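Numbering (our numbering), first residue to last: 745 to 1205. Input: a single structure, listed below in structure tokens.
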């Protein structure tokens, strides 16, 4: 592993682009700072349902005793969408709950100002009513803060407008293809690992390797994303997993994630470390492997839904017709049937080297957490990831809880605990706790001494 500064991700999902110099049709999305996403379109392309007009907003605020100066600082969601009321989409915006804001804007919390990097006087204000939440994607914690009347820091993001093709259906984008590679590789790796783990657990021999694989496929088919649960029968799930397995076993596929010459030897070598462990440890590892596939299945389904929803909205607004709130909610990641928690898709970052916040706008606040987990996953696969300054506070936070979940059962019903448990398992798959502490201390010392970039090896157990 490497620690460095000012490095670029060699495998970015969405390169940063300058909106001002970009000439094309786009969707604007409201995303948190750095944490959200409500999808909008420039004023000549928008069809937006039932948002509050400027006149209506002004009337409400006057009735609540606001001054003209305060009202001029307030923007409605309609202002930002129709009138392009925001001066700079790259600057922070404070989101306020119109339903709970009885007087003029309160002072912004110091923590919010520190995150924004701007004085309170220059931060733009956006007032949103509860009925407009389908247009703004918030994480569970951000939604709780918003409903309690606390301001939430947001920013604009960009999604490209999809033109309708004359024939041939929709083309999968690069991100969707990367997810498919990650999922196919992970299904192959996990099925082969499960063969060993289940044998060590049950001491049961099968007549053939394929029979053993069938049991592994059946185990993976038991855990399936809610969004696709009713659509696919168990047989169709297994067929899908088998298709992915066949793709993932190809060297041109798994080599995109694993820098080895023989993947099967790597799997066999990995399995020997579990040959004489307790049954409880084997059960935990089987659950961990299942999570890797499940997390990427969430992303596979979301990527398809995301693409189709953007295309659907693009088609409607090109005809100047109104898209539904349901479509907006799906796009924002807050629709009940398509909603995912951070803990659900964290394994996808580890196993598939993707950032799920590119798909789930309500998880934008976890972007750096996902990127850090991607680096841990790369280290697990034998790559040489570069950990930068912003990753270490996250690693240090995870270290505090690492020992707690070293041999814990998977806490299925508590997302926060499930998330912490995954961090522990993922980090320990790379090296022991003490070596993580040493790694963080070395990085801290180098930064303190002004070292711009340093490379050193961390010995894995």
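Beta carbons are placed, not taken as given, at the ideal position from N, Cα and C, and that holds for glycine. Predicted model, so just to flag it, every value in this text is computed and none were measured.
Below 8 Å, too few C-beta pairs join the region 1017–1024 and the region 1117–1135 to call them touching: fewer than three. The C-alpha of residue 1042 is placed about 18 Å away from the C-alpha of residue 1167. Per the DSSP secondary-structure output, residue 841 pairs in a beta bridge with 872. Annotated as distal: residue 1034 and residue 942, with beta-carbon spacing of 8 Å or more. Taking each of 1053, 972, 1170 in turn and checking the Cα distance to residue 1084, the smallest one comes out for 972.
Around the Cβ of residue 953, a 10 Å sphere holds fewer than 16 other Cβ atoms; the residue is exposed. For residue 1140, the closest C-alpha among the options 876, 1132, 1180 is that of 1180. Within a 10 Å sphere around the beta-carbon of residue 1046 sit 16 or more other beta-carbons, which makes this residue buried.
Between residue 1099 and residue 882, the gap from beta carbon to beta carbon reaches 8 Å or more. Counting every other CB atom within 10 Å of its CB across the protein chains shown gives residue 990 a total below 16, marking it as exposed.
In the DSSP assignment, residue 1089 falls within the unbroken alpha helix (DSSP H) covering 1086–1096.
Contact between residue 1159 and residue 1087 is confirmed by a C-beta separation of about 4 Å, below the 8 Å threshold. Of the residues assessed, residue 1058 falls on the buried side of the cut-off, its CB having 16 or more other CB atoms within 10 angstroms. Taking C-beta atoms under 8 Å as the contact rule, residue 1015 and residue 937 qualify, at a distance of about 7 Å.
Under the three-state reduction of DSSP, residue 1130 is assigned to strand. A residue is called buried when at least 16 other Cβ atoms come within 10 angstroms of its Cβ; residue 836 meets this threshold and is buried. In this structure, the beta-carbon distance from residue 1136 to residue 1187 falls below 8 Å.
Relative to the Cα of residue 1038, the nearest Cα in the group 1091, 996, 864 belongs to 1091.
With respect to residue 871, residue 842 sits close: the two C-beta atoms are nearer than 8 Å. If you check the CB distance, residue 886 and residue 1101 do not come in under 8 Å. Membership of residue 1123 in the alpha helix (DSSP H) is indicated by the continuous run 1111–1124. Ranking 993, 918, 961, 838 by CA distance to the CA of residue 859 puts 838 first. In terms of Cβ geometry, residue 962 and residue 982 form a close pair [threshold 8 Å]. In this structure, the beta-carbon distance from residue 925 to residue 846 does not fall below 8 Å. A distance below 8 Å between beta-carbons, with the five flanking residues on each side excluded, links residue 1003 to the following residues of its chain, in chain order: 1125, 1126, 1127. The three-state reading of DSSP puts residue 867 in coil, since its state is none of H, G, I, E or B. Residue 987 and residue 1171 have their C-alpha atoms spaced approximately 30 Å apart. With respect to the C-alpha of residue 1162, the residue from 922, 1104, 1089 having the closest C-alpha is 1089. Counting the other CB atoms within 10 Å of its CB gives residue 994 a total below 16, which places it among the exposed residues. Residue 1021: not part of any alpha helix (DSSP H); DSSP gives it neither H nor E.
For residue 809, there is no enclosing alpha helix (DSSP H), since its DSSP letter is neither H nor E. According to DSSP, residue pairing for residue 1143 in a beta bridge does not occur.
Per DSSP, residue 971 lies in no alpha helix (DSSP H) and is assigned neither H nor E. Here residue 896 carries a strand assignment [DSSP, helix/strand/coil]. Counted as a single uninterrupted DSSP element, the stretch harbouring residue 1002 is not any alpha helix (DSSP H), since DSSP gives it neither H nor E.
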